[in-house]
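Peer 1:
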Amino acid sequence: MISAGDFKNGLTLEIEGNVVQIVEFQHVKPGKGAAFVRTKLKNIINGGVVERTFRPTEKFPAARIERKEMQYLYNDGTFYNFMDGETFEQTAIETDKVGDALKFVKENEVCKLVSYNGNVFAIEPPLFVELEVTDTEPGFAGNTAQGASKPATVETGAVVQVPLFVNIGDVLKIDTRTGEYLSRV
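The opening residue of the sequence shown carries number 122 in the numbering used here; numbering runs sequentially from there.
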């Protein structure tokens, strides 16, 4: 059990049947009355953020979130299929639960499946991926006065803004958290 007086950013708790993560917290001691803890809580299942206050003596159980590395195999249209590298057990996850998490991930790459009580609620792709450019406009010399960029489609179908010197066939390093081009490989 974790008391409200011991809250920290990033802590995951079970509060009133919901699994929440502390985004922000602040201990407040008004001149009159009892102290309290003001928090911003993010529901990790549906992504909603709420603000709540607690007495410092209130206690809540810590939520046990599991992160398991699994290999992304393929998408069959309805499900994304993953395989555990140790047991070779396969897991299928509905497309709506995955969202845009895998837009920069190729088949056979390793991702982390994040679950609570065995229910997967998020997928964490690798932080950086290397993808080949399959389509982009040619860049023209003298067009770079303001550090211009152009859209490029990579092999997973995602579109990334890249500098003008990038051509079809180039392999790019991309940050999956922001979707930004980092460098050519």
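Glycine included, C-beta positions come from ideal geometry on N, C-alpha and C.
In whole angstroms, what separates the C-alpha of A183 from that of D205?
Peer 2: Counted from its first residue, the sequence shown places residue 183 at position 62. Counted from its first residue, the sequence shown places residue 205 at position 84. If I take the Cα positions, the gap works out to 26 Å.
Peer 1: Is the separation between the beta-carbon of Q142 and that of R159 shorter than 8 Å?
Peer 2: Taking the first residue of the sequence shown as 1, we reach residue 142 at position 21. Taking the first residue of the sequence shown as 1, we reach residue 159 at position 38. No, they are not a contact pair.
Peer 1: For A213, list the residues DSSP reports as bridge partners.
Peer 2: The sequence position of residue 213 within the sequence shown is 92, counting from 1. A213 pairs with N202.
Peer 1: Check the DSSP bridge columns for P272 and list the partner residues they point to.
Peer 2: Residue mapping note: residue 272 aligns to position 151 of the sequence shown, counting from 1. P272 pairs with Q282.
Peer 1: Flag this pair as touching only if the segment 223-232 and the segment 276-285 have three or more C-beta atom pairs under 8 Å; answer yes or no.
Peer 2: Yes: at least three Cβ pairs fall under 8 Å.
Peer 1: Could you tell me how far apart the beta carbons of V287 and A273 are, in whole angstroms, since I believe they sit closer than 8 Å?
Peer 2: Translated into the one-based positions of the sequence shown, residue 287 becomes position 166. Translated into the one-based positions of the sequence shown, residue 273 becomes position 152. The Cβ separation is near 6 Å, so the contact holds.
Peer 1: Please classify P246 as buried or exposed, where buried requires at least 16 neighbouring CB atoms within 10 angstroms.
Peer 2: Stepping through the sequence shown from its first residue, residue 246 is reached at position 125. So P246 counts as buried.
Peer 1: Return the chain-ordered list of same chain residues with a C-beta closer than 6 Å to the C-beta of E172, the five sequence neighbours on each side being excluded.
Peer 2: Stepping through the sequence shown from its first residue, residue 172 is reached at position 51. Contacts found: K161.
Peer 1: Identify whether D121 lies in helix, strand or coil by the three-state DSSP scheme.
Peer 2: Lying before the first or after the last residue shown, residue 121 is absent from the chain, which here runs from 122 to 306.
Peer 1: Report yes if the CB atom of L252 is closer than 8 Å to the CB atom of V292, and no otherwise.
Peer 2: Reading the sequence shown from its first residue, position 131 is the one you call residue 252. Reading the sequence shown from its first residue, position 171 is the one you call residue 292. Taking 8 Å as the Cβ cut-off, L252 and V292 qualify as a contacting pair.
Peer 1: Per DSSP, what are the beta-bridge partners of T208 in this structure?
Peer 2: Numbered from its first residue, the sequence shown carries residue 208 at position 87. Paired residue(s): none; T208 is not in a bridge.
Peer 1: Any idea what DSSP makes of K224, helix, strand or coil?
Peer 2: Here residue 224 is taken as the residue at index 103 of the sequence shown, counted from 1. Note: K224 maps to coil in three-state DSSP.
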